[in-house]
Amino acid sequence: MRTSVQGTAVAAAMLAVLATGCSLAGAGEGPATGGGGGEPAAVGEPVDIGTVLVEASYPVPGLAGGSADIAVHELRVREPLARLTFSITTHDPEGDGWTNPDLDNTYDGLAVSLIDTVNLNRHVVVADGNQTPLRTPPDTALEYGRPTTLSYTFAAPPEDVTDMDVYIGGFPPFTDVPVVR
């Protein structure tokens, strides 16, 4: 008997929901209460985009006289994932760039990866159960001269990794970006 990967994933997700005592419907169950008396759930911390770990400016291919200022704000691990937050500011001083710039047409979708130089591993963006990458969508609009904050999610590196190299699009890498745990 052959089973599809998607069918198996759906069955596993349903089993996980049932095993944790959760209901898919949620109706008529009264107000939600906390977990089993353990520690409160961790709340995500906002990234301070005023904090810049590394930054650089590069010419933008295909945009005459254009440049991109890229600033890495944070590489935070919350097991089992790591989230990279950075901003990109696209400049079009000649005013003849694209009418509706976005990540896809300006930076060809902006592929991003992390390199673990300790264990020699490359980390690519993870995807959810629908195979949708956990990243800022490629059709995100850009406004010339204003920073656009972007977020990409990866599998967390091992504990012994304290910094990683960050590759953003076809630009030179940012080396030794500190990992926050």
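Here the sequence shown stands for residues -27 to -1, 1 to 154, numbered as in mature numbering (1 follows the signal peptide of the UniProt record, and there is no 0). We put the beta carbon where it would ideally sit given N, CA and C, even for glycine.
The beta strand (DSSP E) enclosing residue i, as first and last residue numbers
i: D42; result: S40 to R51
i: D21; result: No beta strand (DSSP E) contains D21, which DSSP labels as neither H nor E.
i: P151; result: F147 to P151
i: F144; result: Neither: F144 is in no beta strand (DSSP E) and is coded neither H nor E.
i: V85; result: V85 to D89
i: L93; result: Here L93 belongs to no beta strand (DSSP E), and DSSP marks it neither H nor E.
i: R56; result: L54 to H64
Nearest candidate by alpha-carbon position, reference residue i, set the options
i: L93; options: V134, R51 and G38; result: V134
i: I22; options: A55, F59, V97 and P34; result: F59
i: L107; options: T90, G118 and A84; result: A84
i: P146; options: P53, V45 and T24; result: V45
i: G70; options: G102, S40 and Y125; result: S40
i: V153; options: Y140, E132, V91 and T63; result: E132
Straight-line Cα distance separating residue j from residue i
i: D138; j: I88; result: 5 Å
i: D136; j: V27; result: 12 Å
i: D149; j: A114; result: 29 Å
i: F127; j: G38; result: 33 Å
i: L123; j: Q104; result: 19 Å
i: V33; j: V99; result: 27 Å
i: S30; j: R56; result: 22 Å
i: P111; j: T90; result: 28 Å
i: I61; j: I141; result: 10 Å
i: G102; j: P120; result: 31 Å
i: I43; j: S86; result: 15 Å
i: T24; j: T72; result: 31 Å
Range of the contiguous alpha helix (DSSP H) that encloses residue i
i: N78; result: L76 to Y80
Cβ separation of residue i and residue j, assumed to be a contact under 8 Å, to the nearest whole Å
i: L36; j: A129; result: L36 to A129, Cβ: 35 Å. No contact.
i: D81; j: Y117; result: The pair is not a contact, with the Cβ atoms about 18 Å apart (cut-off 8 Å).
Would the segment 68 to 78 and the segment 44 to 53 be scored as touching if the rule is three or more Cβ pairs under 8 Å?
-> no
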